[in-house]
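Counted the way this note's numbering counts, the sequence shown spans residues 26 to 258.
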Amino acid sequence: MNISQQRGTTGRSQVRRAELIAIGRKLFADTSYDALSVDDIAQHAGVAKGLIYYYFKSKRGYYLAIVEDSVAELVARATGEPDLPGAERVRRTIDGYLHYAEHHHAAYRTIVTGGVGSDAEVLAIRDGVREELVAAIAEGAYGRRTVPPLARLALVGWLSGVEGATLDWIGSAGAEGQPGRPELAALLVRQLRATLTVIEEFVPECPVPPASSDGPASPPDDHRDRVAVTESA
26 MNISQQRGTT
36 GRSQVRRAEL
46 IAIGRKLFAD
56 TSYDALSVDD
66 IAQHAGVAKG
76 LIYYYFKSKR
86 GYYLAIVEDS
96 VAELVARATG
106 EPDLPGAERV
116 RRTIDGYLHY
126 AEHHHAAYRT
136 IVTGGVGSDA
146 EVLAIRDGVR
156 EELVAAIAEG
166 AYGRRTVPPL
176 ARLALVGWLS
186 GVEGATLDWI
196 GSAGAEGQPG
206 RPELAALLVR
216 QLRATLTVIE
226 EFVPECPVPP
236 ASSDGPASPP
246 DDHRDRVAVT
256 ESA
């Protein structure tokens, strides 16, 4: 087999593996991990079960690959467009995070809750995505990904609140009076601003970014207009 043929085979293998992961994401969205066997997965995918073992070694390996793929998509959605100014980058990070949760309920729950039981590998994947998101927020707010431990803890606390609010939000999707994504994003951005203010009090070397240029935790224009109307009423 020549080099071009090898590349073609590798390319087809990558596509086939990605197709199996996409199928698995749908399967595990509707059915619990324990309720699906490799035979079930192969039947739904229309392949021999040997192909699952070939690409993923085991059902657990298949599940971990699905979780890692979901995490990669969440991080890419949340931390895209790194060349934007810090303030806009933070807003885009929060909106991208919510956009992913809104359109991938099951995958988001798996990422945030740690998946099946207390699987150490899934929990490690979850912790990794949390660290990446905290670093992205720190970079947007302070221009650097690493901050002092107390500042990091404050950002982790804010992110934990984001996770809880987001889980509740997607769990109540469609309910009367539920906020849309823009409104929830504006709320989380304002909460982040409050967190950054507290961080400055305890960690002076991490000052609150200026709000005069529509800072990283300022609400969108339409939200500020509603606040102004309310305050003047």
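Where a beta carbon is used, it is the ideal one built from N, C-alpha and C, also for glycine.
Enclosing alpha helix (DSSP H) for residue 128 [first to last residue]: Taking the sequence shown and counting its residues from 1, one reaches residue 128 at position 103. Looking at the DSSP string, the run of the alpha helix (DSSP H) that includes residue 128 is 111-128.
Please state the DSSP three-state secondary structure of residue 237. The residue labelled residue 237 in the question sits at position 212 within the sequence shown. Low per-residue confidence applies at residue 237: pLDDT is 43, beneath 50, and the placement is therefore not dependable enough to give any value.
Under the three-state DSSP convention, the category residue 32 falls into: One-based indexing of the sequence shown puts residue 32 at position 7. Caution applies to residue 32, whose pLDDT of 39 falls short of 50 and renders its modelled position unreliable; the value that the coordinates give is listed next. Helix.
So, residue 106 versus residue 117, is the Cβ gap smaller than 8 angstroms? Translated into positions along the sequence shown, residue 106 becomes position 81. Translated into positions along the sequence shown, residue 117 becomes position 92. It is a contact, given that the beta carbons lie within the stated cut-off.
Limits of the unbroken alpha helix (DSSP H) element including residue 158: Position 133 of the sequence shown, counting from 1, holds the residue named residue 158. Segment 145-167, the alpha helix (DSSP H) holding residue 158.
Quick one: residues in its chain with C-beta nearer than 7 angstroms to the C-beta of residue 39, no 5 flanking neighbours on either side, listed in chain order? Here residue 39 refers to the residue found at position 14 of the sequence shown. So the list is empty, once near-sequence residues are dropped.
Looking at residue 137: is its Cβ nearer than 8 angstroms to the Cβ of residue 201? Indexing the sequence shown from 1 puts residue 137 at position 112. Indexing the sequence shown from 1 puts residue 201 at position 176. In this structure, residue 201 does not lie closer than 8 angstroms to residue 137 by Cβ.
Burial state of residue 31 (16 or more Cβ within 10 Å): Counted from its first residue, the sequence shown places residue 31 at position 6. In this prediction, residue 31 scores a pLDDT of 37, lower than 50, which makes its location untrustworthy; the coordinate-derived value is nonetheless stated afterwards. With fewer than 16 Cβ atoms within 10 Å of its Cβ, residue 31 is classed as exposed.
Buried or exposed: which applies to residue 237, given that a residue is buried once 16 or more other Cβ atoms fall within 10 Å of its Cβ? On the sequence shown, residue 237 is found 212 positions in, with the first residue counted as 1. Summary for residue 237: the model assigns pLDDT 43, below 50, so the residue's position carries little reliability, and this model does not support an answer.
So is residue 53 buried or exposed if we call it buried at 16+ other beta carbons inside 10 Å? Position 28 of the sequence shown, counting from 1, holds the residue named residue 53. Counting Cβ neighbours within 10 Å, residue 53 comes out buried, since at least 16 surround it.
Could you tell me whether the Cβ atoms of residue 233 and residue 225 are closer together than 8 angstroms? On the sequence shown, residue 233 is found 208 positions in, with the first residue counted as 1. On the sequence shown, residue 225 is found 200 positions in, with the first residue counted as 1. It is a contact, given that the beta carbons lie within the stated cut-off.
Please classify residue 175 as buried or exposed, where buried requires at least 16 neighbouring CB atoms within 10 angstroms. Walking along the sequence shown from the start, residue 175 turns up at place 150. Exposed: under 16 other Cβ atoms inside 10 Å.
Considering just the uninterrupted stretch of the alpha helix (DSSP H) at residue 75, what are its terminal residues? Translated into positions along the sequence shown, residue 75 becomes position 50. That run of the alpha helix (DSSP H) goes 74-81.
In this structure, does DSSP put residue 41 in helix, strand or coil? Working through the sequence shown from its first residue, we reach residue 41 at position 16. The answer is helix: DSSP assigns residue 41 an H, G or I state.
Nearest to residue 47 by CA position, among 191, 98 and 83, is which residue? On the sequence shown, position 22 is the one that residue 47 refers to. Nearest C-alpha to residue 47: 98.
DSSP three-state call for residue 254: helix, strand or coil? Counting from 1 along the sequence shown, the entry for residue 254 is found at position 229. Note that residue 254 scores 32 on pLDDT, short of 50, meaning its location in the model is unreliable and no value can be drawn from it.
Go ahead and pull the three-state DSSP assignment for residue 181. The count along the sequence shown starts at 1 and reaches residue 181 at position 156. The answer is helix: DSSP assigns residue 181 an H, G or I state.
Considering only residues of the same chain and omitting the five flanking positions on each side of residue 94, which have a CB-CB separation below 6 angstroms? Working through the sequence shown from its first residue, we reach residue 94 at position 69. Here the set comprises 46.
Spatial neighbours of residue 183 within its chain, please: C-beta separation below 7 angstroms, excluding the five flanking residues on both sides. Position 158 of the sequence shown, counted from the start, is the residue given in the question as residue 183. Taken in chain order, the residues that qualify are 216, 217 and 220.
Among 222, 228, 103 and 231, nearest to residue 158 - alpha-carbon criterion: Locating residue 158 in the sequence shown gives position 133, counting from the first residue. Here the closest residue by C-alpha is 103.
From what residue to what residue does the alpha helix (DSSP H) around residue 57 run? Counting from 1 along the sequence shown, the entry for residue 57 is found at position 32. No alpha helix (DSSP H) holds residue 57; DSSP gives it neither H nor E.
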